[in-house]
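Residue 130 in full-length UniProt numbering sits at position 130 of the sequence shown; the count goes up by one each step and never skips. Cβ coordinates follow ideal geometry from the N, Cα and C atoms, glycine included. A quick note: this is a predicted structure, and the numbers were derived from the prediction, not measured.
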Amino acid sequence: MDMHSTSLFLLALIHLLVHVSAHDFLLPAEKTVVWSANHLHPVYTWGSRVELDIHGTMVVKDYNGQIAWTNNVSSSDHADRAQLLDTGNLVIKGKGDAILWQSFDSPTDTLLPIQNITVATKLVATQTLLVPGHYSFHFDDQHLLTLFDDEKDISFIYWPDPDINIWAKQRNSFISTTIGVLDSSGHFLGSDNLSFTSSDSGPGIVRRLTLDYDGNLRLYSMDNNGAWIVSWMAYSRLCYVHGLCGKNGICVYTPAPTCTCAPGYEAIDPSDGRKGCKPKLTVS
Ligand SMILES: *[C@@H]1O[C@H](CO)[C@@H](O)[C@H](O)[C@H]1NC(C)=O
Ligand SMILES: *[C@@H]1O[C@H](CO)[C@@H](O)[C@H](O)[C@H]1NC(C)=O
Ligand SMILES: *[C@@H]1O[C@H](CO)[C@@H](O)[C@H](O)[C@H]1NC(C)=O
Numbered sequence: 001m002d003m004h005s006t007s008l009f010l011l012a013l014i015h016l017l018v019h020v021s022a023h024d025f026l027l028p029a030e031k032t033v034v035w036s037a038n039h040l041h042p043v044y045t046w047g048s049r050v051e052l053d054i055h056g057t058m059v060v061k062d063y064n065g066q067i068a069w070t071n072n073v074s075s076s077d078h079a080d081r082a083q084l085l086d087t088g089n090l091v092i093k094g095k096g097d098a099i100l101w102q103s104f105d106s107p108t109d110t111l112l113p114i115q116n117i118t119v120a121t122k123l124v125a126t127q128t129l130l131v132p133g134h135y136s137f138h139f140d141d142q143h144l145l146t147l148f149d150d151e152k153d154i155s156f157i158y159w160p161d162p163d164i165n166i167w168a169k170q171r172n173s174f175i176s177t178t179i180g181v182l183d184s185s186g187h188f189l190g191s192d193n194l195s196f197t198s199s200d201s202g203p204g205i206v207r208r209l210t211l212d213y214d215g216n217l218r219l220y221s222m223d224n225n226g227a228w229i230v231s232w233m234a235y236s237r238l239c240y241v242h243g244l245c246g247k248n249g250i251c252v253y254t255p256a257p258t259c260t261c262a263p264g265y266e267a268i269d270p271s272d273g274r275k276g277c278k279p280k281l282t283v284s
């Protein structure tokens, strides 16, 4: 592990987050979280720690010793070390560099270049701290990479457009492998023929594919000033995202997408139109 990875890894130990490893590139002023072991169970800054044992078990413990997260690994091979690779992958290695566990296999809301999305993994949008989002991106039961709005009892597909047929979708569901990956030139290719390319395609650019809190899947590229710019997105018209404005809410372009209520309804939370609307009470 070189010095740079060491400092990033220590950073990971302290904040329990892995940041984009921007080795040869500019770092944006504000660090971007691309993976987090325990975002739904944060721990205290002081007194919390990460432990790695000889079996490859990594645990995040709170100040009082309570386990906030574990990777569930219990290998018969001896674990050698944990290492944050320049790709942004946190790996636990055993003998002969065998990978016993890697953070790339349990993404949160972001895929990094060369990180596979498989039938066993999914992206879940991060809503706010401690609340899991209700949008997800994963393979559906027809082997298509799909955006879902997971409501309490039911999941809605909203991308690709569920009202068009498989030919119009230009996808292929007659395949047995399920894998997708963004390559280092900014081209994403899925086994279902989902294919898109970053507007700044080419090597040498830091990129990330993130399922944002608003349910849109966006590819970001870091520009020369260290700022993230959107270089591809699933929806250019955000109001098409299913359930964006909650129950009884209506999405309108003003021209930015904004949530309002149908006549006779009012916002449940006036400071957050996305929580939906309730019937207005008429006081007589
Ligand atoms: C570890 O196992 C627990 C209990 O089965 C589960 O809730 C948790 O999600 C697992 N963690 C990982 C990283 O798979
Ligand atoms: C991604 O999948 C390919 C094909 O299965 C595999 O060779 C490669 O090691 C995987 N990459 C990672 C980082 O897991
Ligand atoms: C795969 O996608 C490309 C465009 O991205 C399209 O031209 C082609 O027809 C698609 N193939 C199938 C089998 O749908």
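Which of helix, strand or coil does DSSP assign to residue i?
i	result
F148	strand
K31	coil
I268	coil
K275	helix
W167	helix
C261	strand
Quick one: what's got a C-beta closer than 8 Å to residue i's C-beta in the same chain, skipping five residues either side?
i	result
D109	L123, V124, A125, T126, G133, T210, L211, D212
W101	G56, M58, N71, V73, V91, I92
M233	N216, L217, R218, L219
L26	The pLDDT assigned to L26 is 48, lower than 50, so where the model puts this residue is not dependable; a value taken from the coordinates is nonetheless given after this. Once the five neighbours on either side are set aside, the close Cβ partners of L26 are M222, N224, N225, G226.
G264	P279, K280
I54	H78, A79
By Cβ distance below 6 Å, which residues in the same chain neighbour residue i in space, the five residues on each side in sequence not counted?
i	result
D269	K275
S201	S185, G186
I205	S221
P257	L238, C239, C251
P203	S184, S185
Go ahead and label residue i buried or exposed: buried means 16 or more other beta carbons lie within 10 angstroms of its beta carbon, across all protein chains shown.
i	result
A262	exposed
K282	The question names Lys, yet the displayed sequence has Thr at residue 282. Result: exposed.
D149	buried
V43	buried
S34	In the sequence under discussion, the amino acid at residue 34 is Val, which differs from the Ser named in the question. Looking at its Cβ environment, which holds 16 or more other Cβ atoms inside 10 Å, V34 is buried.
G249	buried
S271	exposed
Q115	buried
residue 357	No statement about residue 357 is possible, as the shown extent of the chain runs from 1 to 284 and does not include it.
I'd like to check one pair, residue j with residue i: are the Cβ atoms closer than 8 Å?
i	j	result
I166	S173	yes
R171	L189	no
L182	L111	yes
I179	S198	no
F137	H242	no
E266	K280	yes
F104	V119	no
Would the C-beta of residue i count as close to ligand 4, meaning under 7 Å from any of its heavy atoms?
i	result
T70	Among the ligands present in this structure, namely ligand 1, ligand 2 and ligand 3, ligand 4 is not found.
So, for residue i: in the same chain, excluding its five sequence neighbours on each side, which residues have a beta-carbon less than 7 Å away from its beta-carbon?
i	result
D77	G94, K95, A98, L100
F196	F188, W232
K169	P160
Point to revise | Heavy atoms of ligand 3 versus C-beta positions, residues under 7 Å | key: Residues with a Cβ closer than 7 Å to any heavy atom of ligand 3, in chain order: W167, Q170, R171, N172, N193, S195.
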